[in-house]
Amino acid sequence: MIDPDALRRIRTDRGLSQRRLATAAGVDPLTVKRIEGGADAGDLPLRVLDHLAGCLAVPVQDLLRTRTAAAPEDLVQAVGAALLAHGRTTITRLAGALAATVDDATHAVAGLDAHLAAAGMSLARRHDEIWLVPLVDTARTAPADRPLTLAEARLLRRIHRGEDVRRVLSGPDRQFVLPALLRRGLVVDHGAGPVVTPHVAASLATA
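The opening position of the sequence shown corresponds to residue 1441 in this note's numbering, with each subsequent residue numbered one higher.
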């Protein structure tokens, strides 16, 4: 049986309305509304269940299971290590990479966030996407102690020019260069895309 809470949460995380999900899955919008309302979906054809899971990019099991227990501590640690190593990612990718369900990965993210404040960090989230952000001005607390690499300087210039680099970043820029600029406090990202910090903007304006 489909878990209505899981379906609603995953659909919302993907930024889909009930109507858009229903259209993509080839079912009546009222079907999705009834399932999320707790109606028995036991007679739902398997192909429709497969279509719903495919549209949401999750395994079918994630729509059937109800995981209420806290995530194992080792999964919380694995999520933290993955975020630190790779920067911005999604809960769906984390679940796949760590061989966990989306529900377990979501619980692990919540468990991790509960411990980050003591380390001066927090988790930012937009739909399925998550990333680490500092709670303090890292430019003041951890000034850069090395020159920028050529790749870092180029990306910093592009961001300063106002380019929306999120959709055109190369793999290395996304995985290594942008996270390095964020860690050094040269750029910040509050969900609308990376922007240079005021002191960097002032420095580049006179360069």
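All C-beta atoms, glycine included, are put in the ideal place defined by N, C-alpha and C.
DSSP three-state assignment for residue i, whether helix, strand or coil
i: L1563; result: strand
i: P1485; result: coil
i: A1407; result: The chain is shown from 1441 up to 1647; residue 1407 falls before or after that span and cannot be answered.
i: T1589; result: coil
i: S1643; result: helix
i: A1535; result: helix
i: R1454; result: coil
i: R1601; result: coil
i: G1478; result: coil
i: V1516; result: helix
i: V1498; result: coil
i: V1472; result: helix
Residues bridged to residue i [DSSP beta-bridge criterion]
i: I1570; result: T1529, R1565
i: V1628; result: V1635
Beta carbon of residue i nearer than 8 Å to that of residue j
i: A1548; j: T1541; result: no
i: D1453; j: A1462; result: no
i: P1634; j: V1605; result: yes
i: G1560; j: L1575; result: yes
i: T1636; j: L1596; result: What sits at residue 1636 in the sequence shown is Val, not Thr. Their beta carbons are under 8 Å apart, which means V1636 touches L1596 by this criterion.
i: A1465; j: L1492; result: yes
i: D1514; j: A1446; result: no
i: H1592; j: L1621; result: Before going on, a small fix: residue 1592 reads as Glu here, not His. It is a contact, given that the beta carbons lie within the stated cut-off.
i: G1494; j: P1444; result: no
Cβ neighbour criterion (16 or more within 10 Å) applied to residue i
i: D1553; result: buried
i: Q1458; result: buried
i: P1619; result: buried
i: G1611; result: exposed
i: G1520; result: buried
i: A1510; result: Confidence at A1510 is low in this model, with a pLDDT of 45, below 50, so its placement is unreliable and the value that follows should be read with caution. Burial call: exposed.
i: L1486; result: exposed
i: G1527; result: buried
i: V1617; result: buried
C-beta neighbour in chain C for residue i, strict 8 Å
i: T1646; result: No chain C is part of this structure, which consists of one protein chain only.
Three Cβ pairs or more, each shorter than 8 Å: is that satisfied between the stretch 1568-1576 and the stretch 1520-1540?
The stretch 1568-1576 is in contact with the stretch 1520-1540.
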